[in-house]
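Q: Attaching a single structure in structure tokens format; questions to follow.
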């Protein structure tokens, strides 16, 4: 698993890109309707 921190949101929560086994976990969550 690789996390790439990008910035904080308007509430101060960290935002990061998550990659697992070469797959973008963030994009997969959106594709499945979880985010």
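Numbering (our numbering), first residue to last: 5 to 39. Yeah, the Cβ is synthetic: ideal placement off N, Cα and C, and Gly gets one too.
(1) Could you compute how far the alpha carbon of residue 13 sits from the alpha carbon of residue 19?
(2) Compute the minimum distance between the beta carbon of residue 30 and the heavy atoms of the ligand COA, and state whether it is under 7 Å.
(3) Could you name the residues that DSSP lists as bridge partners for residue 12?
(4) To which residues of the same chain is residue 8 closer than 7 Å at the C-beta, ignoring the five residues directly before and after it?
(5) Could you give the residue range of the alpha helix (DSSP H) that holds residue 31?
A: According to the structure data:
(1) Taking the straight line joining both Cα atoms gives about 7 Å.
(2) Annotation note on the ligand COA: not contained in the displayed structure, which lists no ligands.
(3) According to DSSP, residue 12 bridges with 18.
(4) By the criterion of a C-beta distance shorter than 7 Å, residue 8 is surrounded in its chain by 20, 21, once the five residues flanking it on both sides are discounted.
(5) Run containing residue 31: 29-35, per the alpha helix (DSSP H) assignment.
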